[in-house]
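First up is the structure itself, then whatever we jot down about it.
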Amino acid sequence: MLYEFLSTPSGLSEWFCDDVNIRNGIYTFIWDGQMQQARLLKTVDVLLVRFQWVDKNDGSYFEFRIQRDDLTNDISLIITDFADTNAERESSKLLWGSQVEKLMHVIGSIF
Numbered sequence: 158m159l160y161e162f163l164s165t166p167s168g169l170s171e172w173f174c175d176d177v178n179i180r181n182g183i184y185t186f187i188w189d190g191q192m193q194q195a196r197l198l199k200t201v202d203v204l205l206v207r208f209q210w211v212d213k214n215d216g217s218y219f220e221f222r223i224q225r226d227d228l229t230n231d232i233s234l235i236i237t238d239f240a241d242t243n244a245e246r247e248s249s250k251l252l253w254g255s256q257v258e259k260l261m262h263v264i265g266s267i268f
């Protein structure tokens, strides 16, 4: 269930952005009328989705990785993102925290 929210336009638009369109392998994410495009770099079914912004060709990406703890069976979502400065990193942490909180609400998880 979580993977669908990370990998499909309908799932991503529930928590990550206002809308998502896919054309020729390019995902167009829309927030408040602003568009940003990303290329899907890698998927591992039920485990991982990795994107790269089309305007960034420096090897950076953002990734959603699902991990299950073998002992407790708990699920973790690990997000990898890149930032050029400490200020960007702190801003990204706040943004991702807010987005993940929204995701947890959408899927009915306790935060």
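All residue numbers for the sequence shown refer to my numbering, where the first residue is 158 and numbers rise by one. Beta carbons: idealized from backbone N, C-alpha and C, even for Gly.
- Each residue's CA atom was taken as its position, placing residue 261 and residue 214 some 31 Å apart.
- Judged by DSSP in its simplified three-state form, residue 195 adopts strand.
- Within the same chain, 196, 197 come within 8 Å of residue 182 by CB-CB distance, once the 5 residues on both sides are set aside.
- In this structure, the straight-line span from the alpha carbon of residue 203 to that of residue 243 is close to 32 Å.
- Listed in chain order, the non-local C-beta contacts of residue 225 below 6 Å within the same chain comprise 232, local neighbours out to five positions each way being set aside.
- Comparing alpha carbon positions, the residue from 194, 234, 189 closest to residue 206 is 234.
- Residue 191 places its beta carbon 8 Å or farther from that of residue 184.
- Judged by DSSP in its simplified three-state form, residue 201 adopts strand.
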